[in-house]
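To start, the structure under review is shown below, and the notes come after it.
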Amino acid sequence: MLRDGFSFLLDLPLWFPDLQPMHGGKPLGVYLQRNPLAMSRLWGHEALLIRSNPMKPISPGISGGPSKRNVHKVIKDPALHVILYQPEIPANTGNIARLCAAAEVRLHLVFPLGFKVDDRHLKRAGLDYWSEVDIRYHDSFKSFLGEWERNEGRSLFAFSRHASVPYTEAQVGHGDGLLFGKETRGLPPEILENYPAYRIPIWGRVRSLNLSTSVGIVVYHCLHRMGRF
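Each residue of the sequence shown is one higher than the one before, counting from 998 in my numbering.
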């Protein structure tokens, strides 16, 4: 019997038709099924590189955008806002959505995305807590800023591996926004140049942390400093 991790990899195309785990240019599920030896060599690995094939950006105005049938929780005065700039990997966004639901933090998705968020795909992914997330969709970063700046007194803080100041130095207050970039390229220079940017320290020979891990570290640190727990 396959371990849960491998079952997950083989089932990914069923949950996200646009997402295909790849190996040597071929779907990973097919490769593993045809190569038992490779399966045994991969046994025990907890993480594999997954690429979208192809990773087609999804915008709110086309098929695959947010459905009007999705009803979400509304938090009257969220302690924090998490803004994901053009996220590409659905599993990361799903984990972050779960975190936001648990911490009662508002989530903003800035399009285009690298995956679909319609009812059918959410159901296949098992995201039955999606309605518990206070989530807002934005056509672009410009449209997000248009709504964000209507409320005075709120600040935006960017997080990037290219920043030099550690995230613990960010003076985040109630109602402020935490801005994170896409998995492959992070935040564009024009955004980093206009907002204070912070990093999460990395000592090992690792290029960056997983997006959902980074969001979790920063969100709970800020909530702790606010006295939420």
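Note that CB positions come from ideal geometry on N, CA and C, so glycine has one too.
Test item: CB-CB of Ile-1080 and Phe-1177 under 8 Å:
yes
Within the chosen definition, does the segment 1098-1108 reach the segment 1179-1198 through at least 3 CB pairs nearer than 8 Å?
no
Would you decide whether Phe-1112 is buried or exposed? Buried here means 16 or more other CB atoms lie within 10 Å of its CB.
buried
Can you give me the Cβ contacts of Val-1107 inside the same chain, cut-off strictly under 8 Å, excluding the 5 residues immediately before and after it?
Ile-1080, Leu-1081, Tyr-1082, Gln-1083, His-1135, Ser-1137, Phe-1138, Phe-1141
Starting from the N-terminal side, write out each stretch of the beta strand (DSSP E) that is 3 residues or longer and does not extend beyond the segment 1136-1218.
1153-1156, 1173-1177
Can you tell me where the beta strand (DSSP E) with Ile-1080 in it begins and where it stops?
1077-1082
Is there contact between the segment 1217-1225 and the segment 1183-1192, where contact requires at least three CB pairs shorter than 8 Å?
no
In its own chain, which residues sit with a C-beta less than 8 Å from the C-beta of Ser-1161, not counting the 5 before and 5 after it?
Arg-1196
Does the beta carbon of Phe-1108 fall short of 7 Å from some heavy atom of the ligand GTP?
Absence of the ligand GTP from the depicted structure is noted, as is the absence of any ligand whatsoever, leaving it without description.
For the alpha helix (DSSP H) containing Leu-1096, list its first residue and its last residue.
1087-1100
Could you work out which residue in Ala-1094, Pro-1163, Arg-1182, Gln-1168 is closest to Ser-1152 when comparing CA atoms only?
Gln-1168
For Leu-1072, tell me which candidate among Ser-1128, Ser-1211, Val-1212 has the shortest Cα-Cα distance.
One detail in the question is off: residue 1072 reads as Ile in this sequence, not Leu. With distances taken between Cα atoms, Ile-1072 lies closest to Ser-1128.
Have a look at Arg-1225 and Pro-1075 and give me their C-alpha separation to the nearest angstrom.
12 Å
Please state the DSSP three-state secondary structure of His-1221.
helix
Buried/exposed call for Asp-1125, threshold 16 Cβ in 10 Å:
exposed
Taking Cβ to Cβ, would you say His-1069 is nearer than 8 Å to His-1105?
no
Sheet register partners of Tyr-1134 (DSSP bridge):
Leu-1106
If we ignore side chains and look at the alpha-carbon of each, how far apart do Asn-1148 and Leu-1206 end up?
32 Å
Distance, Gly-1091 Cα to Gly-1201 Cα
27 Å
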